[in-house]
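K.L.:
If you're matching positions, the sequence shown starts at 58 in the numbering used here and goes up one per residue.
Glycine included, each C-beta is placed from N, C-alpha and C at the ideal position.
Once you've had a glance at the structure underneath, I'll fire off some questions.
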Amino acid sequence: MDNKEHYRIPVLTQENYEIWFQDMKFKLEGKDIFYVIEVTKHEYAWIKRVLGSTPTIKTPISSDNGEPEANKLTSQFEQLGGTWNEEKAKEYKRDQAKAFFLISTALSTDDKSAIGEYEKIKEFWNYLKLKYSKTSQTTAYQYMTKLQTFEFDDKKGLDVAWTKLKEYRRKAIAANAALKTAYSDEALFLILTRAFLNAYKLITRGFIT
């Protein structure tokens, strides 16, 4: 019995969407099925007819009620431009179903309900990306506030504080790309310095009193 603990990707939210898409991509790549998001079934399994070759189209066979057999007719018209590689088409369908399932295990109930609106995993993936990475003035303002009111925690140290500031900056820019030039490394350093000095003053006051 396998006792190893497997990392479970958390439910997709506005807060974690960057890491979520990164980890989900790694998970799908690890199972060799991320290609269904990169290419369509047609791009993967359709075989184009070689130029210059002339397909032979037979007269459709009628059924007992006088109607042509639609499946044979469709197949014959497909041959005008090409045909499906049946093995690759079957493989794509199977892997797309796997991708839909794996992604659905890390979605909220609302997002899961939207799956039925999409036949192609590539379109559903893009829908999720657009939904969670779109510009949000409210979200941008929240992280701008976190940056401007940042407080240094002397118990965690400078490295943790610097990492946290960069995280706030990344999320603020993700919510509003216009903020990219507003928070350079120099600007973050000034915020860190100010927070550090404020914390230092509080510490020294504690010793004095």
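(1) Would you mind stating whether V68 and L187 have Cβ atoms separated by less than 8 Å?
(2) What does the alpha-carbon distance come out to for the pair K179 and A252?
(3) Tell me the rounded alpha-carbon separation between Q199 and Y101.
(4) Taking the Cβ atom as the reference point for each residue, do L222 and L254 lie within a distance shorter than 8 Å?
(5) Should Y64 be labelled buried (16 or more other beta-carbon atoms within 10 Å of its own) or exposed?
(6) Tell me whether Q194 is buried or exposed, calling it buried when 16 or more other Cβ atoms sit within 10 Å of its Cβ.
(7) Name the residue from I90, L159, W103, L247 whose alpha carbon lies nearest to the alpha carbon of E143.
(8) On the criterion of 16 or more Cβ atoms from any shown chain inside 10 Å, does R227 qualify as buried, or is it exposed?
(9) Just the C-alpha distance for W141 and R151, rounded to the nearest angstrom, thanks.
(10) How many Å lie between L185 and D80 at the Cα?
(11) Considering only residues of the same chain and omitting the five flanking positions on each side of V217, which have a CB-CB separation below 8 Å?
(12) Are the Cβ atoms of Y149 and K98 separated by less than 8 Å?
(13) Got a sec, what are the start and stop residues for the beta strand (DSSP E) K177 sits in?
(14) If you scan the stretch 195-257 from start to end, which runs of the alpha helix (DSSP H) of 4 or more residues do you find wholly inside it?
(15) Among Q153, I160, A239, whose alpha-carbon lies nearest the alpha-carbon of Y74?
(16) Hey, could you find the ends of the alpha helix (DSSP H) K147 is sitting in?
(17) Could you tell me whether the Cβ atoms of I105 and G138 are closer together than 8 Å?
(18) Kindly give me the distance between the Cβ atoms of Y240 and L204, rounded to whole angstroms, as I take these residues to be in contact under 8 Å.
(19) Rounded to whole angstroms, what is the Cα-Cα separation between F83 and T202?
(20) Grab the span of the beta strand (DSSP E) containing K105 for me, first residue to last.
P.N.:
Result, derived from the coordinates:
(1) For the purposes of this step, residue 68 is identified with residue 11 of the sequence shown, where counting begins at 1. For the purposes of this step, residue 187 is identified with residue 130 of the sequence shown, where counting begins at 1. Taking 8 Å as the Cβ cut-off, V68 and L187 do not qualify as a contacting pair.
(2) For the purposes of this step, residue 179 is taken as the residue at position 122 of the sequence shown. For the purposes of this step, residue 252 is taken as the residue at position 195 of the sequence shown. Roughly 44 Å between the two C-alpha positions.
(3) Residue 199 sits at position 142 when you count from the first residue of the sequence shown. Residue 101 sits at position 44 when you count from the first residue of the sequence shown. Roughly 43 Å separates the two Cα atoms.
(4) As a working note, residue 222 is residue 165 in the sequence shown. As a working note, residue 254 is residue 197 in the sequence shown. No, the Cβ-Cβ distance between L222 and L254 is not below 8 Å.
(5) Position 7 of the sequence shown, counting from 1, holds the residue named residue 64. With fewer than 16 Cβ atoms within 10 Å of its Cβ, Y64 is classed as exposed.
(6) Stepping through the sequence shown from its first residue, residue 194 is reached at position 137. Q194 comes out exposed.
(7) Locating residue 143 in the sequence shown gives position 86, counting from the first residue. Checking every option, the nearest Cα to that of E143 belongs to W103.
(8) Residue numbering aside, residue 227 sits at position 170 when the sequence shown is read from its first letter. Exposed, because fewer than 16 other Cβ atoms sit within 10 Å of the Cβ of R227.
(9) By 1-based counting over the sequence shown, the position of residue 141 is 84. By 1-based counting over the sequence shown, the position of residue 151 is 94. Whole-angstrom Cα-Cα distance: 15 Å.
(10) The residue labelled residue 185 in the question sits at position 128 within the sequence shown. The residue labelled residue 80 in the question sits at position 23 within the sequence shown. Rounded to whole angstroms, L185 to D80 spans 14 Å at the Cα level.
(11) Reading the sequence shown from its first residue, position 160 is the one you call residue 217. Excluding positions up to five away in sequence, the list reads D210.
(12) Here the question's residue 149 lines up with position 92 in the sequence shown. Here the question's residue 98 lines up with position 41 in the sequence shown. Yes, the Cβ-Cβ distance between Y149 and K98 is below 8 Å.
(13) Position 120 of the sequence shown holds residue 177. K177 -> no beta strand (DSSP E), and no H or E assigned at all.
(14) 214-232
(15) In the sequence shown, residue 74 corresponds to position 17, counting from 1. Nearest of Q153, I160, A239 to Y74, Cα basis: I160.
(16) The residue labelled residue 147 in the question sits at position 90 within the sequence shown. Element bounds for K147: 143-161.
(17) As a first step, residue 105 is located in the sequence shown; it is residue number 48 there, counting from the start. As a first step, residue 138 is located in the sequence shown; it is residue number 81 there, counting from the start. With the sequence shown as reference, residue 105 is identified as Lys, and Ile is not the correct amino acid for it. A contact, by the Cβ cut-off of 8 Å.
(18) Here residue 240 corresponds to residue number 183 of the sequence shown, with the count starting at 1. Here residue 204 corresponds to residue number 147 of the sequence shown, with the count starting at 1. Contact holds; Cβ gap of about 7 Å.
(19) In the sequence shown, the residue the question calls residue 83 occupies position 26. In the sequence shown, the residue the question calls residue 202 occupies position 145. When rounded, the distance between both Cα atoms is 33 Å.
(20) Residue 105 sits at position 48 when you count from the first residue of the sequence shown. Counting along the chain, the beta strand (DSSP E) containing K105 begins and ends at 103-105.
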